[in-house]
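Numbering (this note's numbering), first residue to last: 2 to 163.
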């Protein structure tokens, strides 16, 4: 995939605690970068995945993650996280994240993760809510961010103080 296919990007920095003794980001750090990209992607769309989960509106779980390491990240590198939802199924969605060093065109990492909607009481899969689906599809196809005020249930869940 080309970074031109991504509408969302977020900058972060490789911290010492994410690195091994040689100052290179260790493999477990990349799941942290994934978490940053996921949370900021949805904040960009107008809601917090943490707030809506705490309010009982919608939660999800990771069921698969593939990480392709292509070039090392080192302590203090400024990194650009490019994120997009590349697929939405009935109960699942795939988030793709590409990581680049700031100002470089060589991709360092590709992360492909599948999340499944989760009912945390029964631990069974549930559908992606229609409002979240519409917000994502609109953003990914047009770049337009639909206001959450158009979706009262999502909007109210996002305002929760949990």
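The C-beta atom is built at its ideal place from N, Cα and C for all residues, glycine as well.
- The continuous stretches of alpha helix (DSSP H) do not include residue 27, and DSSP gives it neither H nor E.
- Ranked by Cα distance from residue 24, the options 138, 131, 118, 78 are led by 78.
- In the assembly as shown, residue 38 is a buried residue. Its beta-carbon has 16 or more other beta-carbons within 10 Å.
- In terms of Cβ geometry, residue 129 and residue 90 form a close pair [threshold 9 angstroms].
- Distance between residue 55 and residue 96, taken at the CA atoms: about 21 angstroms.
- Check the Cα spacing between residue 116 and each of 109, 126, 108: the tightest is with 126.
- Going by DSSP, residue 132 is part of the alpha helix (DSSP H) stretching over 131-143.
- Of the residues assessed, residue 157 falls on the exposed side of the cut-off, its CB having fewer than 16 other CB atoms within 10 angstroms.
- Non-local C-beta neighbours of residue 48 in its own chain, meaning closer than 7 angstroms and more than five positions away in sequence, comprise 149, 155, 159, ordered along the chain.
- Taking residue 134 as the centre and dropping the five residues before and after it, the same chain places the C-beta of 89 closer than 8 angstroms to its C-beta, in chain order.
- DSSP places residue 39 in the helix class (H, G or I) of the three-state scheme.
- Scanning its chain for C-beta atoms nearer than 6 angstroms, with the 5 sequence neighbours on each side dropped, one finds no residue around residue 22.
- The residue from 153, 31, 43 with its alpha-carbon nearest to that of residue 140 is 43.
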